[in-house]
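**Q** Supplied in structure tokens, the structure appears directly below.
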Amino acid sequence: SSRRPLLFISNSRAQTFRNLVGGTLSGTAKTRRAVNPSNEQELAEVPVATQEDVDRAVEAAKTAFPSWSKLSQDDRAAYLTKFTDAIDANSQGLSALLGKETGKPPQAAGMEVFFLISQLREIIKFRLTEELVEDSDEKKVVTRHVPIGVGVGIIPWNFPMMIGAFKLVSALLVGNTFIWKPSPFSPYTALKLGELGAKIFPKGVFSVLSGDESLGPMFTSHPDVGKISFTGSVATGKRVMAACAPTLKRVTLELGGNDAAIICPDVDIAAIVPKVATVALMNTGQVCLCVKRVYVHEDIYDEFLKAFVAFVKTLKRGGPEDAEAFIGSTQNGMQYAKLMDLYSHISKEGWKVVLGGEPSESDKGKGFYMPTTIIDNPPEDSKIVAEEQFGPIVPLLKWSDEEDVLRRANASLMGLGGSVWSKDLERAERLTRRLEAGSVWVNTHFETGPHVSFGGHKESGIGVESGIDGLKGWCNSQTIWVKKI
């Protein structure tokens with residue numbers, strides 16, 4: 001279409017990955033390689049940023065901030081529209097690269113890129129406005145939201161493009177400058193977005209730095225970084241928060257989830273099983289907002305379990321080249337090791353397996369693949385119920401009493417999402433309102449939107465992203481008092 005610029009990632013440099021620091025694409029003396037998790041083959045070399053690189057990126061972002069923040073929201077949105085158009089123009093290549101770095105089958109990788117582009121176009125339309133709190137003969141009082149300064153996004157490996165781009169666009173739209181730190185497990189698409197951004201944004205407004213495990217702490221401790229937006233595990237989130245404390249950085253944490261889905265006895269089993277199973281196993285279960293615990297009323301439990309197993313058997317497993325696959329590999333060796341430990345508890349704790357189970361020797365070939373597994377009614381205190389799995393393994397549990405199932409659903413230290421499934425909408429909404437979670441649904445799960453705030457309760461995080469409240473999270477509040485003397 002005429003909206004698209006002729007801004008493409010250079011094919012001649014397709015396997016060259018450089019950091020974007022202060023408007024300049026540059027390599028580093030030391031490099032490393034991530035692996036394609038579907039076959040464990042090494043991918044291209046990527047930079048390993050040093051403290052000096054971090055200091056240069058932060059200094060460039062700090063220098064760019066005054067002029068960038070003075071632009072109107074409409075002017076900043078025009079830059080962001082060009083950037084989104086450039087992603088759109090390169091969507092096919094980015095989707096293929098995303099598949100290689102994450103192991104996602106084409107359906108999943110393509111969906112991430114499509115979802116990202118459509119959501120960015122909506123976020124860019126939002127505007128923060130000043131609020132006239134009081135206007136009397138004596139005084140005028142106005143509240144407004146002003147950008148913080150240099151923002152850093154610490155991005156996870158499960159949605160390395162989408163989550164990073166949401167943070168980037170939200171931060172820049174309201175006037176911050178932004179540095180993107182991708183996960184060492186999935187740096188490739190982020191570096192290519194940096195290549196596009198280098199041609200679009202003023203120098204220093206946007207940087208991308210790839211590195212190893214030492215890179216995140218360089219940002220969280222840097223005195224000139226004003227805000228850290230982190231998505232990842234609860235354990236790392238706590239470390240990020242502690243590291244931000246000495247400089248009192250603003251911090252948004254979007255952490256893990258152990259979402260419960262409560263299935264009432266009046267549901268149409270054939271209609272909802274595919275929906276529940278899909279949101280339990282999408283992205284190979286590597287989604288903070290996946291259904292992690294399925295509580296099914298005892299009156300329909302056996303029938304539901306049978307239908308659930310039958311549907312999950314139809315979900316094909318495969319790698320980035322398999323267009324029909326729904327379930328892919330685990331994204332990295334660290335998470336694979338965690339899942340191997342979790343699966344070992346099947347025999348240790350005596351869980352009843354109705355599909356899948358512990359990996360056999362034939363499962364342990366190339367690629368971080370785990371058997372898609374369903375556990376039948378494990379004890380409430382078992383590891384698979386008490387902890388977030390983050391893999392293709394789902395427990396189904398029985399319930400009979402409303403108060404009891406709510407207590408069990410809310411027993412988790414996490415509170416990201418939860419859902420209730422019933423034809424009785426009044427009952428379902430009443431139950432849903434008692435779930436201790438940031439996003440709760442009736443007859444669906446994982447629905448999010450650019451216009452709706454998203455965040456966790458309890459150990460699932462602090463602050464929100466998305467929507468107007470998400471934009472305000474990238475700002476400081478300022479109240480202006482004008483005395484009419």
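Just so we're aligned, residue 1 is where the sequence shown starts under full-length UniProt numbering, counting upward by one.
For every residue, glycine included, the Cβ atom is placed at its ideal position computed from N, Cα and C.
1) Run the CB neighbour count on P85, radius 10 Å, all protein chains shown included, and call it buried at 16 or more, exposed below.
2) DSSP state of H445, grouped into three classes?
3) To the nearest angstrom, how far is the alpha carbon of T220 from that of L255?
4) Less than 8 Å between the C-beta atoms of G417 and A386, yes or no?
5) Three-state secondary structure (DSSP) at Q119?
6) Name the DSSP beta bridge partners of V355, please?
7) E361 to M370, Cα distance in whole Å?
8) What's the C-alpha gap between residue 493 and K292?
9) Going by CA-CA distance only, name the one from S38, T16, E52, V54 that's closest to A44.
10) What's the gap between the Cα of Q107 and the Cα of V142?
11) What number of angstroms, rounded off, separates the C-alpha of A242 from the C-alpha of F178?
12) Nearest to V48 by CA position, among S453, P147, S26, is which residue?
13) Ordered along the chain, which non-local residues of its own chain (more than five positions away) have a Cβ less than 7 Å from that of T81?
14) Looking at E303 and I262, is the spacing between their C-beta atoms short of 8 Å?
15) Quick one: Cα of W481 to Cα of E465, how far?
16) Please classify R407: is it buried, with 16 or more other beta-carbons within 10 angstroms of its beta-carbon, or exposed?
17) Based on Cα-Cα distance, which residue from G175, T129, F454 lies nearest to L71?
18) So the beta strand (DSSP E) G418 belongs to, where does it begin and stop?
19) Do you know how far the Cα of H297 is from the Cα of L94?
20) Buried or exposed, going by whether 16 or more other CB atoms sit within 10 Å of the CB of L132?
21) Apply the 10 Å Cβ neighbour rule to L20 and answer buried if 16 or more other Cβ atoms are within range, or exposed otherwise.
22) Expressed to the nearest angstrom, what Euclidean distance is found between the alpha-carbon atoms of F65 and Q73?
**A** A quick look at the data gives this:
1) Sequence check: residue 85 is Asp here, not Pro. Per the 10 Å Cβ criterion, buried.
2) coil
3) 17 Å
4) no
5) helix
6) Reading off the sequence, residue 355 comes out as Leu, not Val. Per DSSP, I374.
7) If I take the Cα positions, the gap works out to 12 Å.
8) Lying before the first or after the last residue shown, residue 493 is absent from the chain, which here runs from 1 to 485.
9) T16
10) 48 Å
11) 21 Å
12) Comparing Cα positions, the closest option is S26.
13) I124
14) no
15) 29 Å
16) exposed
17) Looking only at G175, T129, F454, the smallest Cα-Cα distance to L71 is reached by G175.
18) Note, G418: beta strand (DSSP E), 417-421.
19) 43 Å
20) Exposed is the label assigned to L132, since fewer than 16 other Cβ atoms lie within 10 Å of its Cβ.
21) buried
22) 14 Å
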